[in-house]
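> Pasting a structure below so you can have a look.
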Amino acid sequence: MGDNQNTMQFNVVKDKSDVTKAILTEVYNSLLEKGYNPVNQLVGYFISGDPTYITNYNGARAMVRKLERDEILEEVLKNYLEIK
């Protein structure tokens, strides 16, 4: 253990939001690089749950499957409505 006597604070909500954003950004970029329309592909995945809407390129499919679809949509909606 270190000499640090301060209590560290862990913010699950903020960290989850950051992880979701980072993963969606990576998936979006991978879809774009492969020539797909990222928005259409992600919407297809959100609605159907079928991971084949997401490319395997750069591990995008595995990354997006680490997140629950309802949690992704929650974060997207909060961002769209600018709710914190």
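Once you know that position 54 of the sequence shown is 54 in UniProt numbering, the rest is easy, because the numbers rise by one and skip nothing. We put the beta carbon where it would ideally sit given N, CA and C, even for glycine. Just so you know, these numbers come straight off a predicted model, no measurement behind them.
1) Rounding to the nearest angstrom, what Cα-Cα distance links Ser17 and Gly44 in this structure?
2) Could you please give the first and the last residue of the uninterrupted alpha helix (DSSP H) stretch that includes Leu81?
3) Short of 6 Å in beta carbon distance, which residues of its chain neighbour Lys34, apart from the five on each side in sequence? Order them along the chain.
4) Do Val19 and Val64 come within 7 Å of each other at the CB atom, strictly closer than that value?
5) For Leu73, I'd like the list of residues in its chain whose CB is within less than 8 Å of its CB, leaving aside the five on either flank, ordered along the chain.
6) Can you tell me which of the three DSSP states Asp15 falls into?
7) Just to confirm, are Leu41 and Leu32 a CB contact at a threshold of 7 Å?
Concretely, from the data shown:
1) Along the sequence shown, read from residue 1 onward, the residue named residue 17 stands at position 17. Along the sequence shown, read from residue 1 onward, the residue named residue 44 stands at position 44. Their Cα atoms are separated by approximately 22 Å.
2) The count along the sequence shown starts at 1 and reaches residue 81 at position 81. Bounds of the alpha helix (DSSP H) holding Leu81 are 69-81.
3) Reading the sequence shown from its first residue, position 34 is the one you call residue 34. When the five nearest sequence neighbours on each side are left out, the beta carbons in the same chain lying within less than 6 Å of the beta carbon of Lys34 are those of Thr55, Tyr57, in order along the chain.
4) The sequence position of residue 64 within the sequence shown is 64, counting from 1. The sequence position of residue 19 within the sequence shown is 19, counting from 1. Between Val64 and Val19, the gap from beta carbon to beta carbon reaches 7 Å or more.
5) To locate residue 73, count along the sequence shown from 1; it is residue 73. Listed in chain order, the non-local C-beta contacts of Leu73 below 8 Å within the same chain comprise Phe46, local neighbours out to five positions each way being set aside.
6) Mapped onto the sequence shown, residue 15 falls at position 15. Note: Asp15 maps to helix in three-state DSSP.
7) Counting from one through the sequence shown, the residue named residue 41 turns up at place 41. Counting from one through the sequence shown, the residue named residue 32 turns up at place 32. Leu is not the amino acid found at residue 41; the sequence shown has Gln there. Not in contact: Gln41 and Leu32 (Cβ atoms no closer than 7 Å).
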